[in-house]
Every structure is written in structure tokens, then in C-alpha cells.
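Scroll down for the structure; my scribbles are underneath it.
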Amino acid sequence: MIAWTIYITFGGALVLLFLPRVVSRWIALLTTVAGFAISLIALFQTAIVDLADFKTIARIPWVPMLGMEYHLAVDGISLTMALVTGLVALTAVLFSWDVEHRQNEFFFWLLLVVAGSYGVFLSADLFLLFLFYELVIVPKYFLIAIWGSTNKEYGAMKLTLYSFFGGALVFIGILAIYVTAGSLDLNQLVQFQFPPQLQLWGFPVLFLGFGVLAGVWPLHTWAPTGHVAAPTAGSMLLAGIVMKLGAYGGLRVAMNLFPQGFHMWSTWIAVLAVIGIVYAAAVALRQCDLKFVIGYSSVSHMGFVLLGLATANALGVSGAVLQMFSHGVIAALLFAVAGRMLYRRTHTRELDALSIMNLSRALPFAAFTFVIASAASMGIPGFSGFAAEITILVGAWKAFPIAVWITGAGMVLVAAFTLRALQQSFFGESSATTPVGSAALSGDAKSSSASLTLITSSAERSIHPPEVAPITLPEKWGACLLMLTTLAVGLYPKVLLDRIQPAVEAMTFLK
Amino acid sequence: MNYLELLKLASPEAIVVITALAVLVVGLTSDRAVILCSFIAALGLALTVGAVLMLPHNATLFGGMLVITPLNSLFKIICIALAFFTVLLARSDRASRNPGEYLAMLLLATIGLMLLVGSEEFLMIFIGLELLGLSLYVMAAFDKTDLRSAEAGLKYFLFGSTASAFTLFGISLIYGMSGTTGLAAISEKLATASVQPLLAVGIVMTLIGFAFKIAAAPFHLWAPDAYQGAPVPSGAFIASGSKVASFVVLGKIVLVGFAPMHGSADWHAMVAGWSPVLAALSALSILLGNLVALAQTNVRRLLAYSAVAHAGYTLLGLVAGGRDGFSATLFYTTVYAITLVGAFGVVAVVRRVTGGDDFADFSGLWMHSPLLAGCMAIFMLSLAGIPPLAGFFGKFYLFSAALRAGTNHGLLWLVALALFGSLISLYYYLIVLKVIFVDAAAADTSLKPESYRSDLLQRGVITVLAAAVLVLGIMPETLAARIIASLP
């Protein structure tokens with residue numbers, strides 16, 4: 015049944031091209047709701063024992079002469095990823111309810127990204143997986159280049175070329191696998207013993223290739239610029255789904271097929287992951303643009319995923335998958351607030367400009383959402399981020415104790431930049447003290463008239479919150495959905511971990 | 163061998179000759195020459211396909227001068243189909259001032275293609291090459307009102323005739339060494355011969371002529387001007403039909419005729435032979451074509467440099483050799499030809515409406531004609547190798563064949579280079595699409611969206627070609643299985 019997520023989403027995209035633009039967002043909503051519902055039902059209806067193996071759900075010969083098959087399969091990991099895809103896709107549509115410019119096309123490209131992502135998570139044939147993986151690249155370009163903001167063409171091109179570069183590396187790895195083993199079926203390939211020499215060079219090529227999309231340091235630079243340039247839904251999809259495609263590919267293909275190569279290189283991956291966590295958090299601390307802060311925070315959080323994968327034990331890898339889910343939800347929420355709730359209303363994302371607007375009073379709901387999202391992002395217990403990161407760190411403690419120490423320091427940085435962004439964007443100075451009083455105090459006769467007007471104007475603005483449109487109903491729905499999910503998973507992570515862990519334990523690379 | 167049987171086996175060629183003559187006569191006498199001539203030409207080509215289908219499975223005439231095999235028949239049909247689409251595109255081009263002559267030249271070039279594809283003997287191959295070449299030189303220079311067209315024709319002619327001279331000289335050397343001109347017979351002789359300097363010179367010189375035809379660097383210098391300056395349908399035909407036939411023949415020459423001299427292009431294990439030569443041509447074409455294409459601002463010139471790069475990718479299959487490699491090469495070049503005819507079709511429409519084919523003339527095409535813009539997106543993305551389009555499968559097939567051929571992934575260096583090249587290529591194809599989809603249309607009120615829609619036939623042809631690229635990407639088996647089944 016889960017296979018229908020792919021068909022429905024592709025179908026919805028095609029239908030969009032031929033219907034009048036009035037109905038396009040409803041079609042998109044309908045499609046994504048269906049996808050979300052199907053993935054939700056599929057995850058919770060399947061018995062947990064069935065989620066351990068990568069079980070075939072559809073298998074049709076496609077290009078028999080080269081051994082290619084249309085072959086879909088599911089286990090706990092792929093169903094979890096399909097669920098986050100469905101959730102982020104649905105909320106992305108809700109947060110793009112106000113898109114008016116070339117509406118049909120917008121939702122067309124958006125649904126293509128979603129459909130391709132479902133495809134990657136469900137594919138059990140390497141060629142099919144790679145096909146879906148590459149299919150996602152070009153729609154992202156158009157989403158950003160046409161509907162984006164700040165420096166959009168540069169950001170779009172950079173993102174596309176980085177993705178394609180990663181794709182080229184993956185291509186080499188897949189060809190090497192195919193030519194050596196003579197098969198493309200993932201379930202068969204897992205049984206195949208690849209020569210150690212191939213694993214030695216094949217693993218880093220494949221893993222780094224996928225890693226480009228996962229934002230592995232130092233190939234992460236597409237992520238912040240891409241996130242900033244993208245429209246709200248684009249950033250949500252990028253951070254929520256597309257970055258997970260890379261991590262998923264690294265896990266499903268690189269690590270699972272080349273276990274020996276993985277063990278040879280796992281320390282290096284951990285090193286890259288830790289550098290990514292700390293470096294991105296430090297950079298985020300110095301950003302002025304709210305979306306840049308969130309963009310770098312995504313890189314930092316994806317570093318946790320890589321660290322979890324590098325541990326090569328069941329706990330760490332399960333934590334990594336949970337972190338993929340959790341970060342998908344939290345990043346989508348953060349970008350929704352920054353892109354849709356703030357930027358569309360205030361037309362600025364500069365933290366300095368936002369800090370004098372007294373937005374917590376003008377947009378209380380947005381402020382509330384951002385507080386929740388920030389708390390989840392910082393890893394406050396009770397939210398999914400904490401559950402995932404603590405699992406990863408426990409796993410990492412067994413493999414790389416030093417990495418945990420450094421990462422611990424990195425988490426302080428994460429808390430620091432998140433709090434800074436939260437404080438400056440919604441709870442700026444003007445709302446902290448009584449504005450009139452401070453203006454009167456500083457407004458003595460000696461100060462220049464220019465600074466006086468500046469202060470009075472800011473004071474005036476803080477007395478009367480800026481005229482902004484109220485938060486709309488679709489935004490509320492989307493935000494509530496995401497907040498509830500991160501809270502539910504945070505309070506009861508077992509609901510997902512129970513489904514992820516058996517699938518992870520079935521993998522070949524566990525020590 | 164009686165003449166009746168000869169006529170029967172050569173009936174496709176005969177039909178095209180008759181059609182060419184008929185078109186020439188009608189063009190001179192009729193008032194409504196444009197429509198009538200294209201109709202006759204299209205009809206003649208359709209009949210020719212029928213005649214090819216009626217041919218026996220296998221036959222050999224005059225020691226290989228005319229050979230009928232499933233492979234030859236398949237590629238005759240593909241070449242005729244490409245000519246057919248070119249005829250339809252030519253109907254509304256400016257060059258069709260003298261439609262009779264133009265279409266007659268096109269049909270003569272088609273005969274050249276059919277002779278090239280259908281022969282396994284050096285003399286006949288050379289005749290086919292010359293017939294094709296001479297017709298194409300004229301077609302390139304056909305637009306008398308355009309200085310660029312004359313330049314294109316002259317450049318193409320000068321480079322082409324020099325290359326032909328090289329090939330003829332190479333053929334004569336090989337004839338001198340082996341005493342025969344049949345490919346299979348040459349192969350037998352070479353099997354016992356050692357690599358002598360004279361033989362090496364002969365082989366390399368023969369290859370040069372074909373490197374020119376497929377526009378592989380460093381023999382590509384004619385391509386940018388010919389693609390840009392020639393009338394659009396001529397450019398389309400040079401880029402598609404001529405290239406497909408050249409690859410078929412080149413493959414037969416190296417894989418059948420020069421089979422014993424294969425050598426090896428594996429990293430650290432190079433063995434002298436023709437495959438290192440082709441590998442060098444391929445690597446140079448990929449690098450040079452892609453890098454120079456980055457700097458272009460004219461769509462046709464960009465397509466020319468990308469053609470150089472694609473010649474490089476396609477050669478990969480021949481370097482790999484074997485049934486798999488040849489089949490991958492043939493699949494890729496066919497898909498490429500279909501894509502290019504379509505892309506040139508879009509260029510033709512835009513050129514007719516805006517009067518140019520620079521990037522600026524394409525800006526905002528999306529606004530005026532979503533259909534054409536969508537088709538162009540399919541063509542460009544297929545060239546870049548984005549799934550689910552045919553170019554993606556073609557690359558996968560090609561690269562996997564190349565990787566499988568070398569011992570211990572010996573050709574990995576070339577595959578990696580080709581992938582690096584396609585990474586570069588994505589940038590410039592995306593720039594074209596950016597101009598079409600993202601940039602605002604020029605504020606030129608004289609352009610009416612209707613003028614993009616005026617020619618229904620042309621739009622139909624472009625749509626069919628775009629659909630073909632999509633279908634061949636989703637169901638590549640339809641063509642790939644046919645090709646591999648037709649290979650011995």
C-alpha cells in the first residue's frame with residue numbers, strides 16, 4: 015500500500031499541469047494528505063516483527079537485459095523516513111498557501127521533490143534508487159530560482175551543482191557495485207562479498223557522494239545558501255527531506271553494502287561529523303540573517319546523524335535514524351516560522367531589524383511556535399531532538415568517547431545560537447524594558463537629533479506593534495501538526511525506536 | 163547475381179533516389195512547391211521504411227559492398243526517420259526558398275547515410291561518406307541571404323575535404339598492407355600481422371576522417387560555425403543523421419575490421435592499438451567540449467560544443483568494445499540524435515519568431531509557449547543525463563559497459579572523467595533553462611504569443627520527439643533490446 019505514496023504524488027503533479035490554477039493548491043493538499051495518511055497507516059499497521067527485514071512490496075522486471083527491476087521494499091527505517099516525508103510535504107503545502115505567482119508550476123515542482131523522495135526511501139533496486147535520487151535535483155533548482163528570495167539564482171545553481179556532484183560520485187560507486195556483483199537488487203547485494211580493495215575506495219566515494227546531500231563538512235556549503243535562497247516550502251523540503259535522502263543513502267547503500275569499507279573509514283566519518291557539529295554551530299552564532307542561522311543549525315544537526323551512523327552500533331545508528339526524523343520535523347518548523355510567519359510579513363530576516371519590531375506582541379502565535387521549535391532544536395528533554403541526540407551520544411560513547419566530549423561542547427554552542435536567534439527575533443530589547451522610559455532617559459539634550467529620532471521611532475514602533483497580517487489558519491494547522499509530532503516523539507520515542515531498531519539490527523555492518 | 167535481385171535488395175536506396183528526382187522536378191515546375199515537395203519527400207521516406215522492412219534478414223552483395231543484416235536495417239530505419247523529421251522541420255524554414263533543391267540535397271544525403279550504414283567494405287564506405295559530405299556542404303551553405311551560412315558551408319567543406327583525404331590515404335595504406343577492402347577480410351589479415359608503423363599510420367588516418375564526422379576534438383573546429391551558421395534544418399541533420407551513421411560505421415570498422423588491433427586503454431596497462439587513440443579523442447572531447455560550452459551565449463553554438471562532449475561520451479562504448487559497448491554506443495547516439503533534432507526544432511521556432519537564437523531570444527519562452535518550453539526542458543535535461551529521460555539511461559548503459567570492459571575497472575579513469583564532464587554540462591544546460599523559465603520575457607510588444615503557435619506541424623513534430631525522449635527513458639528496453647538483438 016505504501017507504494018501508492020509514489021504514484022499518488024506523481025499523479026498529483028501531472029494533474030496539476032492540466033487543471034486551472036484556482037484548484038492547484040487544493041490538489042496539492044489532497045495529494046500530500048493522502049501521502050501522509052498512507053505512510054502513517056503503513057508504519058503503524060505493519061507488525062513490528064515484519065519491520066526487521068527489507069520486505070518486497072512490488073517487483074516488476076523493468077529492463078531485464080541489464081537486470082534492472084522496478085522493485086520496492088520496506089523496513090522500519092524506510093517507513094519512518096516515508097512518514098517524515100509525508101508530514102513535511104503536507105506542512106510545506108500548508109505553509110505555501112499564499113503562493114500566487116505561477117501556482118500550478120510551484121506545486122508541480124514541489125510534488126516532484128516529494129514523489130522522488132518517497133521513491134528513494136522505498137526503492138530496493140540500486141538503479142531505481144539512483145533514478146529517484148537524481149530526479150529530485152532539478153525540481154529544487156526551479157523551486158529556488160523562480161520562487162526564492164535573496165540571491166536565489168546563485169543559491170539554486172550552487173545547490174544543484176553540489177547535488178549533482180554528489181550524484182556523480184554515487185554514480186561511480188553504483189557502477190562499481192553493479193559491474194562487480196552483476197546485480198542491482200539490494201537484498202541480493204547485501205549477501206555479496208565485495209573484494210576488500212573495492213570496499214576500501216568504493217565506500218568513501220559512495221558515502222561522500224550521498225554525504226553531499228546530507229551536509230557533511232566540508233561539502234555542506236550548499237546548504238545554508240540554498241536554504242536562505244529557497245522559498246519557505248523549499249527550505250522545509252530541503253532541510254526536512256532532501257538532506258535525509260543523503261543520510262539514508264549512506265546508510266542503506268554505502269554502509270550496508272560495504273561493511274568492511276565502512277569499518278575502515280568510520281573514524282574519519284566521526285571526525286567529519288564532529289567538525290561539522292561544532293563548526294556549523296560556531297558559524298551560526300555569528301549570522302545576522304535568521305535563515306542563515308537555521309541553515310547552519312541544520313548542518314550542525316545533520317552532523318549528529320553522521321556521528322550516529324559512524325558509531326556502527328545498533329544504538330547509535332537507530333539514534334541517527336530517529337534524528338533524521340526529528341530534525342526533519344524541527345527544521346521544517348523553524349523554516350516555517352522564519353520564512354512564512356516572519357519574512358512574508360516583515361520582509362526582513364535581519365536579526366537586528368527584527369529585534370526592534372517587538373514581534374512577540376504582534377505575532378504571539380509565531381513567537382510561541384518559535385519558542386517550541388527552538389527548545390526542540392536545542393535538545394530540551396521532552397522534545398524529539400533530545401531523545402534522538404541522547405541516543406546517538408550514548409551510542410557514540412561506546413565507539414568514540416572523545417567525540418562525545420567535543421560534541422557536548424558543540425551542544426552548548428547550539429543552545430547559544432538558538433537562544434540568540436530566539437531572543438533577537440521575537441524578544442528584542444525594546445520589549446524587555448519600558449520603551450517610553452528608556453527613550454526618555456537617553457533622550458537628554460546632548461544627544462544628537464539623528465539618534466534621537468532613531469530612538470523615538472523605535473520606541474514608537476514598540477509601543478504600537480507593527481501592522482502585520484495575523485497568522486492564517488493553514489499556518490496554525492501546519493505549525494500545530496509539527497509541534498505535536500516533535501512533542502509526541504519526544505515524550506514517547508519508543509514508538510519510533512521500536513520500529514527502527516529491528517531494521518538496524520538486521521544490517522550487515524554492526525560490530 | 164542478376165540485376166533484378168540487386169534492385170530488390172537495393173530498393174530502399176532506389177526509392178530515395180526516385181523521390182529525390184521527383185522532388186527536384188516538382189520544385190522547378192510547381193507554384194506551391196513548398197508544401198508539395200515536403201509532402202513528396204515525406205511520403206518517399208515513409209515508403210522507404212516500408213521497403214527496408216520488406217528486405218530479407220541477411221544478404222551480402224559484391225563481397226560486402228552492400229550488406230543487409232538486422233543491424234543495418236535497424237539503423238537505416240533510424241536514419242530515415244531522422245531525415246523524415248528534418249523534412250518536416252524544413253517545411254517552414256527560411257532556407258526553403260528553393261524547396262525542391264534543398265529537399266533533393268537532403269534526400270541525397272539520406273542515401274549517403276544508407277550506403278554508409280549498409281556497407282562493410284571500405285570503398286563503398288568512402289563513397290557513402292563523400293555523398294553524405296558533399297550534400298551536407300551544400301545544405302550548410304544553402305541560405306544565400308545569410309553570410310554566416312556561407313561561412314558555415316565553406317568551413318565545413320574545407321575541414322571535411324581535408325579529413326576525407328586523410329581517410330582515403332589511410333584506406334589505401336591498409337589496402338596496401340592487407341590486399342583487400344572488405345572489413346571481414348582485413349580483420350583476417352590483420353590477425354596474423356604484427357603492429358607495424360605503416361599499419362598504425364593507416365589506422366590512425368582512417369580514424370581521423372571519422373573523428374571529423376562525429377566532431378570529436380581536436381577535429382571539431384568546423385562544428386560551432388556549421389551548427390550556428392547553417393540553416394536550422396541542415397544543422398539538425400548534420401548533428402543527428404550524419405552522426406548516427408558515422409558511429410555505426412566507425413563501430414563496424416574498429417570492432418570488425420580492426421578487431422585484432424584493439425589494444426587496451428586501461429589505466430597503467432595501455433596496449434598499443436586503436437582503443438587508446440579513441441580513448442584519447444574521447445577524453446579530449448569531453449574536457450574541451452564541456453569547458454568551452456560554458457562560455458557560450460548562443461544556443462546553437464552551445465549545442466555544437468555540447469555535441470563535441472557527447473561525441474566523447476559516445477566513443478566510450480567503442481573504447482570498451484564488445485557487443486555491450488557497441489550496443490551502448492548505438493543506443494546513446496540514437497537517443498542523442500533524436501534529442502538534437504527536437505532541440506533544433508525549438509530553435510527553429512524561436513528563430514522564426516524572434517529572428518535570432520541567442521540566449522536573450524529565449525528569455526521568457528515559458529510565458530509565450532509553455533509547450534515549447536517544456537519540450538526544450540526535456541531535451542536539455544536529457545542531454546544533461548537527468549532521469550527519467552533517455553539520456554540518463556544512455557549514460558548508465560554506456561558507463562556500465564565501459565567499466566565492465568576493462569580488467570579490474572581499468573577504464574574507470576575515463577568514466578570518472580565523463581561523469582565530471584556531465585557535471586559541468588549540467589551547468590550550461592541549466593543556464594538555458596534558467597533563461598527560458600526564470601528570466602522575464604523581453605518587453606517587446608511586437609512579439610505575439612500566437613506567432614509561436616502558428617505552425618501546428620512543427621509543434622507536433624517537436625512534441626513527438628520530446629515524448630520519444632521521455633518514453634525511451636522510462637522504457638529503454640524498447641530500443642536497447644532491439645539493438646542488442648541485432649548485433650551478431
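Residue numbers (my numbering), protein chains in the order written: chain R, 15 to 525; chain P, 163 to 650.
Ideal Cβ placement from N, Cα and C applies to all residues, glycine included.
Taking only beta-carbon positions, decide if residue i is within less than 8 Å of chain P.
{"i": "R:Tyr-192", "result": "yes"}
{"i": "R:Ala-17", "result": "no"}
{"i": "R:Ala-410", "result": "no"}
{"i": "R:Met-171", "result": "yes"}
{"i": "R:Val-331", "result": "no"}
{"i": "R:Phe-224", "result": "no"}
{"i": "R:Glu-83", "result": "no"}
{"i": "R:Val-152", "result": "yes"}
{"i": "R:Phe-217", "result": "no"}
{"i": "R:Phe-141", "result": "yes"}
Distance check for residue j and residue i, CA to CA, integer angstroms please.
{"i": "R:Phe-397", "j": "R:Leu-189", "result": "41 Å"}
{"i": "P:Leu-450", "j": "P:Val-481", "result": "19 Å"}
{"i": "P:Ala-401", "j": "P:Thr-476", "result": "14 Å"}
{"i": "R:Thr-46", "j": "R:Ala-520", "result": "31 Å"}
{"i": "P:Ala-378", "j": "P:Asn-220", "result": "33 Å"}
{"i": "R:Arg-99", "j": "R:Ser-311", "result": "According to the sequence as given, residue 99 of chain R is Thr; it is not Arg. So the two alpha carbons sit approximately 20 Å from each other."}
{"i": "R:Gly-353", "j": "P:Trp-528", "result": "27 Å"}
{"i": "R:Ala-159", "j": "R:Gln-205", "result": "43 Å"}
{"i": "R:Ile-406", "j": "P:Leu-545", "result": "43 Å"}
{"i": "P:Ala-388", "j": "R:Tyr-176", "result": "34 Å"}
{"i": "R:Asp-199", "j": "R:Leu-145", "result": "14 Å"}
{"i": "R:His-315", "j": "R:Gly-342", "result": "10 Å"}
{"i": "R:Phe-208", "j": "R:Tyr-192", "result": "11 Å"}
{"i": "P:Leu-168", "j": "P:Leu-298", "result": "27 Å"}
{"i": "R:Arg-116", "j": "R:Gly-263", "result": "33 Å"}
{"i": "R:Gly-409", "j": "R:Phe-339", "result": "17 Å"}
{"i": "R:Leu-14", "j": "P:Leu-492", "result": "Not covered by the structure: residue 14 of chain R. The range shown for chain R is 15 to 525."}
{"i": "P:Pro-549", "j": "R:Tyr-147", "result": "9 Å"}
{"i": "R:Gly-133", "j": "R:Leu-143", "result": "7 Å"}
Can you list the residues of chain R that residue i reaches, using a CB-CB cut of under 9 Å?
{"i": "P:Ala-642", "result": "Val-77, Met-79, Leu-80"}
{"i": "P:Pro-395", "result": "Those do not exist, as P:Pro-395 stays about 29 Å from chain R at its closest Cβ, beyond 9 Å."}
{"i": "P:Phe-304", "result": "Neighbours of P:Phe-304 on chain R: none; closest Cβ ~37 Å, over 9 Å."}
{"i": "P:Phe-493", "result": "Per Cβ cutoff of 9 Å: no residues; P:Phe-493 is ~11 Å from chain R at best."}
Under 7 Å between beta-carbons, which chain P residues line up against residue i? List them in chain order, please.
{"i": "R:Tyr-155", "result": "Leu-592"}
Of all Cβ atoms in chain R, is any one closer than 8 Å to the Cβ of residue i?
{"i": "P:Ala-503", "result": "One detail in the question is off: residue 503 of chain P reads as Val in this sequence, not Ala. Taking Cβ atoms only, chain R never reaches closer than 8 Å to P:Val-503, which makes this a no."}
{"i": "P:His-571", "result": "yes"}
{"i": "P:Tyr-264", "result": "no"}
{"i": "P:Ile-646", "result": "yes"}
{"i": "P:Phe-488", "result": "no"}
{"i": "P:Phe-409", "result": "no"}
On the DSSP bridge list, what partners appear for residue i?
{"i": "P:Gly-344", "result": "P:Glu-283"}
{"i": "R:Met-82", "result": "R:Val-77"}
{"i": "R:Lys-69", "result": "R:Val-88"}
{"i": "P:Ala-221", "result": "P:Ile-230"}
{"i": "P:Asp-520", "result": "P:Asn-460"}
Which residues in chain P sit within 8 Å of residue i, going by Cβ to Cβ distance?
{"i": "R:Leu-149", "result": "Ile-548, Pro-549, Pro-550"}
{"i": "R:Leu-175", "result": "Leu-585, Leu-588, Tyr-589"}
{"i": "R:Ala-159", "result": "Lys-596, Phe-599, Val-600"}
Which residues in chain P have a C-beta closer than 9 Å to the C-beta of residue i? List them in chain order.
{"i": "R:Ala-182", "result": "Ala-578, Leu-581, Phe-582, Ser-584, Leu-585"}
{"i": "R:Ile-186", "result": "Phe-561, Leu-565, Leu-574, Val-577, Ala-578, Leu-581"}
Can you list the residues of chain R that residue i reaches, using a CB-CB cut of under 8 Å?
{"i": "P:Arg-566", "result": "Val-193"}
{"i": "P:Phe-554", "result": "Leu-145, Glu-148"}
Measuring only between beta-carbons, confirm whether residue i sits less than 8 Å from chain B.
{"i": "R:Glu-167", "result": "Protein chains R and P are contained in the structure displayed, whereas chain B is not."}
In chain order, what residues of the segment 218 to 239 of chain P put their CB closer than 8 Å to some CB of chain R?
Those would be none; no residue qualifies.
Contact residues within the segment 624 to 642 of chain P, judged by C-beta distance below 7 Å to chain R:
So the list reads Pro-638, Glu-639, Ala-642, given in the order they occur along the chain.
Using a Cβ-Cβ cut-off of less than 8 Å, list which residues of the segment 53 to 77 of chain R approach chain P; keep chain order.
Residues are counted here when their Cβ sits less than 8 Å from a Cβ of chain P; for the segment 53 to 77 of chain R these are Trp-76, Val-77, given in chain order.
For the segment 518 to 543 of chain P, which residues have a CB atom closer than 7 Å to at least one CB atom of chain R, in sequence order?
Correct list: Leu-543.
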